[in-house]
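The sequence shown begins at 143 in the numbering used here and counts up one residue at a time.
Heads up, the beta-carbon is just placed ideally off N, CA and C, and yes, glycines get one too.
Since the model is a prediction, treat every value here as computed from it, not as a measurement.
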Amino acid sequence: MVSSICNISSRPDYFKAKGEAARILNEFGLLEPPVNPADIAQQLGVRVMFVGFTPEYDSISGFYDFDDETIYVNKNEFPLRQTFTIAHELGHKLLHTEWAKSSDYQVLLRGDNNGDDPIEMEANSFAANLLVPRFMLDKYWKELSPEHLSALFAVSVPVIRYRISFEYGA
143 MVSSICNISS RPDYFKAKGE AARILNEFGL LEPPVNPADI AQQLGVRVMF
193 VGFTPEYDSI SGFYDFDDET IYVNKNEFPL RQTFTIAHEL GHKLLHTEWA
243 KSSDYQVLLR GDNNGDDPIE MEANSFAANL LVPRFMLDKY WKELSPEHLS
293 ALFAVSVPVI RYRISFEYGA
């Protein structure tokens with residue numbers, strides 16, 4: 143029922159996620175890597191706080207509190223994971239406000255089998271397209287190794303490999 147009220151599809155809208163990432167990059171004039179999602183969040187009036195979660199919730203990478211306009215990031219995660227988490231949670235803020243206001247909203251643990259959740263897939267797509275947009279990747283992907291691209295874009299090697307595979311089929 144909430145899906146019909148909040149216009150939540152059972153399939154992720156990757157076009158919407160990619161378009162919103164492109165809009166943000168354009169709005170902030172971001173033309174070269176690395177893209178800092180914490181800076182973007184701050185400019186959008188969103189606080190980013192690095193906190194420790196209690197042991198039973200330590201598998202949470204982070205979450206966005208829509209009421210407080212704050213992204214909470216697990217301070218025990220690796221820095222590159224934290225970067226992706228901030229971008230992912232920013233995606234929720236920009237793409238999923240109605241969902242967050244519904245009774246369906248919940249913080250997901252990493253092992254909750256949420257990999258096929260359309261909302262999570264959209265937020266992941268937003269984060270990937272924000273941090274490693276194709277127009278930036280086009281300039282470097284043939285010349286640099288995944289490890290060098292990881293350093294340049296300030297994301298993990300798996301994110302780089304995913305983006306290259308997705309964009310170029312390589």
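1. Using C-beta distances below 6 Å, list every residue in its chain close to residue 226, excluding the 5 sequence neighbours before and after it, in chain order.
2. If you measure between the beta carbons of residue 214 and residue 205, is that distance less than 7 Å?
3. Determine the burial state of residue 312: buried for a count of at least 16 other Cβ atoms within 10 Å of its Cβ, exposed for fewer.
4. Taking all protein chains shown into account, do 16 or more other C-beta atoms lie within 10 angstroms of the C-beta of residue 173, making it buried, or fewer, making it exposed?
5. Quick check on residue 189: does DSSP put it in helix, strand or coil?
6. Going by Cα to Cα distance, which pick from 281, 285 and 275 is closest to residue 304?
7. Return the first residue and the last residue of the beta strand (DSSP E) that residue 206 is part of.
8. On the CB-based measure, 16 or more other CB atoms within 10 Å of its CB, does residue 284 come out buried or exposed?
9. Taking the alpha-carbon positions, what's the residue 129 to residue 265 distance?
Well, looking at it:
1. Your numbering for residue 226 matches position 84 in the sequence shown. For residue 226, where only same-chain residues beyond five positions count, the Cβ hits under 6 Å are 269.
2. The residue labelled residue 214 in the question sits at position 72 within the sequence shown. The residue labelled residue 205 in the question sits at position 63 within the sequence shown. In contact: residue 214 and residue 205 (Cβ atoms closer than 7 Å).
3. Counted from its first residue, the sequence shown places residue 312 at position 170. Result: exposed.
4. Mapped onto the sequence shown, residue 173 falls at position 31. The residue in question, residue 173, is exposed, as its Cβ has fewer than 16 Cβ neighbours within 10 Å.
5. Taking the sequence shown and counting its residues from 1, one reaches residue 189 at position 47. DSSP places residue 189 in strand when its eight states are reduced to three.
6. By 1-based counting over the sequence shown, the position of residue 304 is 162. Cα-wise, what sits closest to residue 304 is 275.
7. The residue you call residue 206 lines up with position 64 of the sequence shown. Unbroken beta strand (DSSP E) run through residue 206: 204 to 207.
8. In the sequence shown, residue 284 corresponds to position 142, counting from 1. Label assigned to residue 284: exposed.
9. Residue 129 lies beyond the stretch modelled for the chain, which goes from 143 to 312, so this question has no answer here.
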